[in-house]
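Right, one structure below, let's go through it.
Protein chains: 2
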Amino acid sequence: MNAEIIAAGSELLTAERVDTNSLYLTAELNNLGVEVTAKAVIGDDRDRLAEAVRAALSRSAIVILSGGLGPTEDDVTREAVALALDRKLVFHPEIAAQIEARFARMKRKMVEVNRRQAFVIEGADVLPNDRGTAPGQWVEESGVVILLPGPPHELKAMFERQCLPRLRRLVPDHSIRTLLLRVTGMPESDLDQLISPVYKKYLNPVTTILAGNGDIQVHLRARCASVGEAEALLAEVGAPIEALLGDKIYSRNGDPLEVVVGEMLHKAHATVAVAESLTGGMLGERFTTVPGSSRYFLGGFLTYSNAMKVELLGVDPQLLAHFGAVSSETAEAMAAGARRLTKATYALAVTGVAGPESGEDAAPVGTVYVALADPEKTVAVHRQFLGDRTRIRMFTTQMALDVLRRRLMGRAG
Amino acid sequence: MNAEIIAAGSELLTAERVDTNSLYLTAELNNLGVEVTAKAVIGDDRDRLAEAVRAALSRSAIVILSGGLGPTEDDVTREAVALALDRKLVFHPEIAAQIEARFARMKRKMVEVNRRQAFVIEGADVLPNDRGTAPGQWVEESGVVILLPGPPHELKAMFERQCLPRLRRLVPDHSIRTLLLRVTGMPESDLDQLISPVYKKYLNPVTTILAGNGDIQVHLRARCASVGEAEALLAEVGAPIEALLGDKIYSRNGDPLEVVVGEMLHKAHATVAVAESLTGGMLGERFTTVPGSSRYFLGGFLTYSNAMKVELLGVDPQLLAHFGAVSSETAEAMAAGARRLTKATYALAVTGVAGPESGEDAAPVGTVYVALADPEKTVAVHRQFLGDRTRIRMFTTQMALDVLRRRLMGRAG
Chain Z
85 MNAEIIAAGS ELLTAERVDT NSLYLTAELN NLGVEVTAKA VIGDDRDRLA EAVRAALSRS
145 AIVILSGGLG PTEDDVTREA VALALDRKLV FHPEIAAQIE ARFARMKRKM VEVNRRQAFV
205 IEGADVLPND RGTAPGQWVE ESGVVILLPG PPHELKAMFE RQCLPRLRRL VPDHSIRTLL
265 LRVTGMPESD LDQLISPVYK KYLNPVTTIL AGNGDIQVHL RARCASVGEA EALLAEVGAP
325 IEALLGDKIY SRNGDPLEVV VGEMLHKAHA TVAVAESLTG GMLGERFTTV PGSSRYFLGG
385 FLTYSNAMKV ELLGVDPQLL AHFGAVSSET AEAMAAGARR LTKATYALAV TGVAGPESGE
445 DAAPVGTVYV ALADPEKTVA VHRQFLGDRT RIRMFTTQMA LDVLRRRLMG RAG
Chain V
85 MNAEIIAAGS ELLTAERVDT NSLYLTAELN NLGVEVTAKA VIGDDRDRLA EAVRAALSRS
145 AIVILSGGLG PTEDDVTREA VALALDRKLV FHPEIAAQIE ARFARMKRKM VEVNRRQAFV
205 IEGADVLPND RGTAPGQWVE ESGVVILLPG PPHELKAMFE RQCLPRLRRL VPDHSIRTLL
265 LRVTGMPESD LDQLISPVYK KYLNPVTTIL AGNGDIQVHL RARCASVGEA EALLAEVGAP
325 IEALLGDKIY SRNGDPLEVV VGEMLHKAHA TVAVAESLTG GMLGERFTTV PGSSRYFLGG
385 FLTYSNAMKV ELLGVDPQLL AHFGAVSSET AEAMAAGARR LTKATYALAV TGVAGPESGE
445 DAAPVGTVYV ALADPEKTVA VHRQFLGDRT RIRMFTTQMA LDVLRRRLMG RAG
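The structure is reproduced here in structure tokens:
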């Protein structure tokens with residue numbers, strides 16, 4: 085069974101606001117086994133909104149609208165749905181009385197304009213609103229159209245108390261289960277080439293691949309008659325995909341790489357320090373995004389200039405002059421220096437050219453060296469990235485975290 | 085002139101993700117005087133997407149699609165738009181060659197699946213992608229349909245370089261002008277209380293206040309018959325607002341605080357270093373986000389643990405024990421240490437409790453000290469922030485940059 089969500093309100097079409105009610109509604113609908121197939125935001129325009137409702141209802145069994153139930157002229161959802169379904173709006177004196185009583189409890193008088201909120205689409209069930217003046221509405225037609233208020237705390241309370249019980253009776257017993265694999269260290273196109281022969285054999289589960297900043301998420305969504313069936317199907321399709329991706333998979337529960345590496349460090353009773361050139365603090369920032377990271381993250385050095393590499397980390401100026409700041413030798417000397425000074429188990433160093441212009445070293449933009457020092461050895465890895473300054477810096481931190489992850493797994497960096 | 089924005093991608097129909105590209109696109113379209121009247125998110129479904137394109141084009145002069153231009157099977161935007169417009173897809177060998185060359189620059193071989201990205205809608209203009217493999221497309225029909233890649237940094241670069249110049253020729257009059265003031269160092273509600281008596285007198289310009297992470301943007305949008313009129317109106321309304329906000333305004337051209345402070349440092353031929361505790365690298369990261377920041381940013385220390393504060397920065401262990409890591413005394417010692425070791429003109433130090441739990445110092449979550457050392461003195465400032473770990477860290481970097489900005493203006497930190 086499919087649903088579409090329509091948010092009404094011109095303020096959601098500005099450059100500053102997004103509709104977040106749909107995220108909550110999507111989570112609840114997915115739990116019921118209902119797929120959300122489209123979302124829309126429409127301004128305060130009755131005819132456009134009516135058209136959107138009509139189109140959604142022609143495709144989907146459930147259409148949920150949020151917002152536009154307030155008392156003012158620009159609240160047009162009631163009128164739009166009535167128009168879309170070709171039904172009348174009927175005044176309900178008992179709703180007006182309830183709104184009036186609510187105002188009285190706040191020691192205020194109901195203003196005339198609030199009477200607009202007492203109009204109900206012919207044949208609709210009224211959904212009481214415990215947290216505001218605007219009642220919701222539940223209308224059955226070819227499918228179900230649900231009108232909910234826009235304020236998130238009103239919408240959530242109404243959906244949970246009034247809509248979920250009704251939807252449970254309506255929705256056939258389907259269950260959706262998801263497998264999420266997070267992968268790093270390979271381009272999206274290589275990954276797809278590798279695993280598409282597996283997932284393309286199945287229409288269910290649906291596979292989605294999402295990539296950005298050196299991170300790939302592989303989502304498998306199984307939709308079956310029971311939770312058990314969905315889980316069995318995910319296991320069947322997931323197993324060969326996991327086998328193909330192997331240790332490129334770093335997370336199976338959605339955790340980002342800094343959390344995964346942090347847990348590995350913590351379990352190993354190990355500590356880490358960083359020495360950053362082109363990332364200027366972004367690597368330390370990622371480590372310390374994680375609450376409790378002080379258990380394993382000791383600190384580090386931002387050695388943006390050559391002088392700082394020499395003075396703070398003790399990199400040999402002759403080595404620096406000979407190989408340049410962007411070299412595996414300098415990266416290794418930085419890592420060794422950071423480890424010696426902090427006494428951390430592991431030290432990660434990154435050096436490279438983030439752009440937009442190439443530096444004095446004449447290494448091209450996107451050249452990156454990551455070095456890892458541990459009690460036994462110090463090894464540097466080279467990579468060439470494409471893109472702008474932000475992308476190159478993000479890829480570099482992802483690469484550095486992955487070099488450490490692989491070392492902690494007992495494999496070569 | 086109206087526009088609609090359609091984001092393609094099943095991942096944007098999950099409970100976790102929202103489409104944020106549309107916010108950027110909306111801001112740019114509004115600047116041109118184009119109103120966004122509807123937005124939609126459609127899953128990876130060719131026929132549904134085609135239907136959405138057809139419907140949008142029947143209502144609006146400009147339809148922008150984002151996403152679904154990748155190399156994989158679930159990237160269906162090209163096919164969907166071709167279907168909607170009843171046009172063929174044509175293979176462009178020169179695009180395939182460019183993608184192949186891009187792979188070659190990364191010392192990799194193009195995989196077969198990337199050939200999908202070389203298909204172009206008949207009659208469309210190809211929009212080159214400097215930052216990824218997927219080219220965009222510009223198709224003129226009854227209106228304009230624009231296909232952009234989903235990754236925000238690719239989309240932004242392509243829209244700015246390829247689409248804005250074309251749209252400027254297309255959109256009738258340029259009668260919208262905007263004044264943007266960026267403000268820091270006061271809460272949004274105080275700011276609104278201060279300036280609303282001015283802006284509420286005007287329906288035109290429209291005033292929007294947008295706040296987040298210690299940063300406030302005040303947008304005034306004037307829409308007039310001519311550019312001259314719009315500019316005169318902005319000057320009239322902007323002047324009293326600027327007078328009220330005074331030196332809390334740090335930027336009038338949209339530049340973020342790290343760019344403003346960077347330019348002040350560069351003009352003063354001064355350098356800066358950092359010593360970070362709770363921010364773990366975020367302050368250095370913000371300084372070095374700016375291209376060319378190596379002219380004034382020397383480097384710094386991530387002293388997350390107490391031992392690192394002593395060993396790397398030379399903070400007196402007795403002072404640390406007596407006042408605690410989260411104190412103005414420790415912040416000042418950190419700043420003085422960083423300045424001494426790097427020989428920078430200015431050193432900024434931050435220490436505090438980012439949470440979620442309070443540390444051994446028993447200072448409450450959100451307690452922050454920022455110290456600034458310069459050739460004459462070292463002074464610490466205390467602030468108490470509310471919110472989660474990320475918010476507190478963001479506020480802290482904003483506060484630190486502003487402390488330096490005010491010192492560089494010749495005022496007390």
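Same order as they appear, the protein sequences are chains Z and V. Counting in the numbering used here, the first sequence runs without a single skipped number right up to 497 at its last residue. Counting in the numbering used here, the second sequence runs without a single skipped number right up to 497 at its last residue. Even glycine gets a Cβ: it sits at the ideal position worked out from N, Cα and C.
- With fewer than 16 other Cβ atoms from the protein chains shown falling within 10 Å of its own Cβ, residue 280 (chain V) counts as exposed.
- Taking CB atoms only, residue 300 (chain Z) has no neighbour in chain V less than 8 Å away.
- Scanning chain Z for C-beta atoms nearer than 7 Å to the C-beta of residue 120 (chain V) yields 97, reported in chain order.
- Judged by their CB atoms, residue 218 (chain V) and residue 201 (chain V) are nearer to each other than the 8 Å cut-off.
- Under DSSP, residue 88 (chain Z) shares a beta bridge with Z:122, Z:147.
- The C-alpha of residue 150 (chain Z) lies about 12 Å from the C-alpha of residue 222 (chain Z).
- In the DSSP annotation of this structure, the continuous segment of the alpha helix (DSSP H) that includes residue 482 (chain Z) starts and ends at 473-492.
- Put simply, the CB of residue 262 (chain V) is far from chain Z, with every gap to its CB atoms at 8 Å or more.
- Under the 8 Å criterion on CB atoms, residue 85 (chain Z) is classed as non-interfacial with respect to chain V.
- For secondary structure counted as the beta strand (DSSP E) over 3 or more consecutive residues, the region 258-285 of chain V holds these complete runs in sequence order: 260-268.
- Note on residue 131 (chain V): under 16 other CB atoms within 10 angstroms of its CB, so exposed under the neighbour-count rule.
- In the three-state reduction of the DSSP assignment, residue 331 (chain V) falls in the helix class.
- Between residue 302 (chain V) and residue 342 (chain V) a beta carbon distance of about 19 Å is seen, past the 8 Å cut, so the two are scored as non-contacting.
- Given a length threshold of 3 residues, each whole run of the beta strand (DSSP E) inside the region 382-438 of chain Z is given here in chain order: 430-436.
- In this chain, residue 457 (chain Z) is not harboured by any alpha helix (DSSP H); it is covered by the beta strand (DSSP E) spanning 451-457.
- With the criterion set as a beta carbon lying under 8 Å from some beta carbon of chain Z, the members of the region 387-410 of chain V are 387, 388, 389, 391, 392, 395, 396, in sequence order.
- In this structure, the CA atom of residue 152 (chain V) is about 40 Å from the CA atom of residue 380 (chain Z).
- The Cβ-Cβ distance between residue 368 (chain V) and residue 386 (chain Z) falls below 8 Å.
- When beta bridges are read from the DSSP output, residue 371 (chain V) appears opposite no residue.
- Looking at the DSSP output, residue 301 (chain V) shares a beta bridge with V:266, V:294.
- For the region 331-344 of chain Z, the set of positions with a beta-carbon nearer than 8 Å to some beta-carbon of chain V is empty.
- Put simply, of V:226, V:194, V:364 the residue whose alpha carbon is nearest the alpha carbon of residue 170 (chain V) is V:226.
- Here residue 426 (chain Z) has 357, 382, 383 as same chain residues with Cβ atoms under 7 Å from its own Cβ, once five neighbours each way along the sequence are excluded.
- For residue 375 (chain Z), the chain V residues whose Cβ falls inside 9 Å of its Cβ are 438, 439, 440, 441, 473, in order along the chain.
- For residue 131 (chain V), the secondary structure class from DSSP, reduced to helix, strand or coil, is helix.
- For chain Z, the residues of the region 123-137 of chain V that bring a beta carbon within less than 9 Å of one of its beta carbons are 123, 124, 125, 126, 127, 128, 129, 132, 135, 136, in chain order.
- Judged by DSSP secondary structure, residue 467 (chain Z) falls within the beta strand (DSSP E) whose first and last residues are 462-468.
- Of the candidates V:351, V:405, V:319, the residue whose Cα lies closest to the Cα of residue 262 (chain V) is V:319.
- Contacts with chain V at 8 Å (Cβ-Cβ) include residue 468 (chain Z).
- Below the 8 Å Cβ cutoff, chain Z contributes 272, 273, 276 as neighbours of residue 155 (chain V), in chain order.
- Listed by position along chain V, the residues whose Cβ is nearer than 9 Å to that of residue 381 (chain Z) are 364, 386, 388, 389.
- According to the DSSP assignment, residue 231 (chain V) belongs to the beta strand (DSSP E) that extends over 228-232.
- Of the candidates Z:158, Z:210, Z:166, Z:134, Z:210 places its Cα closest to the Cα of residue 177 (chain Z).
- By the CB criterion at 8 Å, residue 440 (chain Z) and residue 449 (chain Z) fall inside the cutoff.
- Contact of residue 371 (chain V) with chain Z by beta-carbon distance below 7 Å involves 364.
- Apart from the 5 residues on each side of it in sequence, residue 486 (chain V) sits with its Cβ closer than 6 Å to the Cβ of 268, 269 in its chain, given in chain order.
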